[in-house]
Every structure is written in C-alpha cells, then in structure tokens.
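Quick note on our numbering: the sequence shown kicks off at 1 and runs consecutively.
Please read the structure below before turning to the comments.
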Amino acid sequence: WLSNCRLAPIQIMGYGHPATSGDNSEIDYFIGGTVERDVTDRYAEQMVLIPGLAQCPTWPTYERKNNWKPGPVRINCVWGPDKYNYAMLAGLAEISKAAKAKHEWHLFPSPGINRYGALVPFKQSIAAVLPNAIVHSSLEYYEYMEHAETHDFSVNSYPFGGYNTVVESLYLGLPVVTLEGDRFYNRAASYLLRKVDMDALTTTSPAQFLSLVVRMIDEPEHRAAMRKKLETVNLRKCLFDAPNDDFLDAFDYILANHPFNGPVIIGE
Numbered sequence: 001w002l003s004n005c006r007l008a009p010i011q012i013m014g015y016g017h018p019a020t021s022g023d024n025s026e027i028d029y030f031i032g033g034t035v036e037r038d039v040t041d042r043y044a045e046q047m048v049l050i051p052g053l054a055q056c057p058t059w060p061t062y063e064r065k066n067n068w069k070p071g072p073v074r075i076n077c078v079w080g081p082d083k084y085n086y087a088m089l090a091g092l093a094e095i096s097k098a099a100k101a102k103h104e105w106h107l108f109p110s111p112g113i114n115r116y117g118a119l120v121p122f123k124q125s126i127a128a129v130l131p132n133a134i135v136h137s138s139l140e141y142y143e144y145m146e147h148a149e150t151h152d153f154s155v156n157s158y159p160f161g162g163y164n165t166v167v168e169s170l171y172l173g174l175p176v177v178t179l180e181g182d183r184f185y186n187r188a189a190s191y192l193l194r195k196v197d198m199d200a201l202t203t204t205s206p207a208q209f210l211s212l213v214v215r216m217i218d219e220p221e222h223r224a225a226m227r228k229k230l231e232t233v234n235l236r237k238c239l240f241d242a243p244n245d246d247f248l249d250a251f252d253y254i255l256a257n258h259p260f261n262g263p264v265i266i267g268e
C-alpha cells in the first residue's frame, strides 16, 4: 500500500522482498546490487546499483556441532512455504529416478506452514510427487540448524531462491547446488557460491542442474571433496564483508542528483 502513496518528495526501496514495486508505484529509485546490472530494464524504478548483492549476510548465532553422521544421502531443501512449486518438485522426482544411491529429501518449510490448516494437504501433495521426502514443519531456528547440519548437502529452490538459507547452509559446511536465473532472487545463491570458489555447483541449465544434483547423490568421493573444499574457506572473509560506505554513497548520489534517469553504478 505504501509504495502507491507519495509520502515524501523522494522515495526509495531496496531488497526486502526483492522485486520491483510495479509500474504504477510512487517509488523513484531502487538501490540494488551490481549482480543485476544486466536486468535493470525489468524494474519500474530507476536503479542505483552498489557492488555485489547490495547487502551483507549476518553471521549465524548457532554454534556448529560438527554432528554429521553417515547414512542415506540426506539433501536439505530449506525453502519457505511459498517457494515450493510443482515444476521444482517434479525436477526433484526426476533426480530421484535417475540417482542410484539411496537418498532422502529433507524439506524445511518453516513453522509458517502450520497456519491455516495447510500442513496436511501440503504433506499429501509432497508425498504424491516425492515419496522419499521428509517434512520438518515444527523446528525453531536452533533445532533446524542442528538437524540440518547432520545432512550432506543442500539444493536451492527455483525460481524464487534463497539467500539467508544459502548462507546458513555454507556456514554448516553443506555445499549448495543452485539453478541461476535472471533476477536477484535466483542469482544470490550463485553469487555466494562464486564468492567461496564453488561455482561448479551453479548452472543456468535446468538439465545441468539435475545432473549436478545426481552427481552429488551418486558420487560420495565428489560429495566429500565439495564438503572438504568448503571447510577450507574462510567464510568470514569471503561472505561477511567489512562495512563500507556504498549504501550511504547511493543515498548521497540520489539526493544530490534527483531527478535522474538510471541506471547508476556506485562504488566501482
């Protein structure tokens, strides 16, 4: 509602819900990341871009337990309830059909799935497509983190991917396989993976994405190598950047130059 009201002479938005406010909004500018420098025409607002994702992740408060244990290959799908869709689940079913090793899909839709009586039909729908899926619907943050750490790797959702959940997975030592798209919300994971030198786990091809996941399931040596590589990464240095003035510089530019036509890149 507020995005359609003119409350101030200059109005700016950013990555809260990472999408344009729409053609009829009263928002003038969108402070985004250079990860979207090639799709600025998709936004109704004038884009002011700062380096990377235009935000820094928060270091998790959970203390790792290093509690991984052998067993069937356990794959984390830590997606909000609204990120599940039939095409994605059908892709996971195709992976299960192609993979030879025993594996389980662990779905963490967050306690929000318990609202409005949605859990029962959600579980029924999941079971119809993925009979080897386990739904965790009542875990709070620390319980979820401890449980997720016992598993082998993670798969990102598509088309609306994760950000904090990807950071959490990497923090837990779990590699993430992702399909990259043409929006911030399906590019964040790829950007983070490249920052930790694990871009081999990202692709723009749906077929390649399926192949990457199947390989992670069926090749324990490859899976172990990816996990070992991730453990050697200094995550604080790679992902949790020191504070900088890019965001403030973007505001200074807007205030000094309004009105203007974008896109404008700050900090490069």
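Here a beta-carbon is modelled for each residue, glycine too, at the ideal position from N, C-alpha and C.
Computed from a predicted structure; not experimentally measured.
DSSP places residue 221 within a helical segment (H, G or I) once states are collapsed to three. With contact defined as three or more Cβ pairs closer than 8 Å, the region 91 to 108 and the region 228 to 235 are not in contact. Following the DSSP letters along the chain, one finds residue 178 in no alpha helix (DSSP H) but inside the beta strand (DSSP E) bounded by residues 176 to 179. The DSSP-derived three-state label of residue 213 is helix. Look at residue 198 here: in three-state DSSP terms it is coil, with no helix or strand label. By the beta-carbon neighbour count (other beta carbons within 10 angstroms, threshold 16), residue 250 is buried.
With 16 or more other CB atoms across the displayed protein chains lying within 10 angstroms of its CB, residue 157 is buried. When C-alpha distances from residue 263 are compared across 30, 25 and 81, the shortest belongs to 30. Scanning the region 70 to 152 from its first residue to its last, the whole beta strand (DSSP E) runs of 3-plus residues come out as 73 to 77, 103 to 107 and 133 to 135. Annotated three-state conformation of residue 265 is strand, per DSSP.
For residue 260, the secondary structure class from DSSP, reduced to helix, strand or coil, is coil.
The Cβ atoms of residue 50 and residue 34 sit closer than 9 Å to each other. DSSP lists 13 and 47 as the beta-bridge partner residues of residue 30.
Taking a 10 Å sphere around the C-beta of residue 32, we find 16 or more other C-beta atoms and assign the residue as buried. Here residue 155 carries a strand assignment [DSSP, helix/strand/coil].
In terms of CA proximity to residue 172, 231 leads the group 231, 16 and 162. Assigned with DSSP and collapsed to three states, residue 232 falls in coil, not helix or strand.
Minimum Cα-Cα distance from residue 53 among the listed residues 225, 128, 184 and 76 corresponds to 184. Listed as beta-bridge partners of residue 203 by DSSP are 179. Counting along the chain, residue 168 sits inside the alpha helix (DSSP H) bounded by residues 164 to 171. For residue 21, the secondary structure class from DSSP, reduced to helix, strand or coil, is coil. By the Cβ test, the region 105 to 120 is not in contact with the region 181 to 197, since fewer than three Cβ pairs between them sit closer than 8 Å.
By the Cβ rule, the region 153 to 168 counts as touching the region 68 to 83, because three or more pairs are nearer than 8 Å. Annotation for residue 119: 113 and 137 place their beta carbon closer than 6 Å to its own, counting only its chain and skipping 5 residues before and after.
Assigned with DSSP and collapsed to three states, residue 6 falls in coil, not helix or strand. In the assembly as shown, residue 207 is an exposed residue. Its beta-carbon has fewer than 16 other beta-carbons within 10 Å.
In the three-state scheme derived from DSSP, where H, G and I count as helix and E and B as strand, residue 249 is classed as helix. For residue 46 against residue 260, the beta-carbon gap comes to about 7 Å, under 8 Å, which counts as contact.
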